[in-house]
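In our numbering, the protein residues as written are 1 to 90.
Rendered as structure tokens:
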């Protein structure tokens, strides 16, 4: 496990370098989990024009509202945060 939710939340609220680490982490998870099956439908649908700081804010809001989950790997929490904020219209 690279980071827990608690650690990611600390990075996201830290100085500029820590916030850059946070944004990079969220971007990496977003890119790697948006389509876990290459030919299947996406898991979540981030709208065009959404910014990386916006995705960071979505992850932070999710982490803040789910303190009972923050001991889990951050990679297991960012995906659900994006899914909740940006569900695909089916």
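We put the beta carbon where it would ideally sit given N, CA and C, even for glycine.
Practice problem: For the alpha helix (DSSP H) holding residue 8, just list the boundary residues, first then last. | Solution: Counted as a single uninterrupted DSSP element, the alpha helix (DSSP H) harbouring residue 8 occupies residues 5-12.
Quiz prompt | Alpha-carbon spacing of residue 3 relative to residue 73, whole angstroms | solution = Taken atom to atom, the span from the alpha-carbon of residue 3 to that of residue 73 is near 6 Å.
Quiz prompt | Cα-Cα separation between residue 41 and residue 6, rounded to whole angstroms | solution = Inter-residue distance for residue 41 and residue 6 is about 30 Å (C-alpha atoms, whole angstroms).
Quiz item: Where residue 27 and residue 71 are concerned, what is the direct C-alpha to C-alpha distance, given to the nearest angstrom?
Solution: Each residue's CA atom was taken as its position, placing residue 27 and residue 71 some 20 Å apart.
Self-check item: Under the three-state DSSP convention, the category residue 80 falls into
Solution: Shown here, residue 80 sits in a helix according to DSSP, grouped into three states.
Quiz item: Cβ atoms of residue 58 and residue 82: under 9 Å apart, would you say?
Solution: Going by C-beta atoms, residue 82 is nearer than 9 Å to residue 58.
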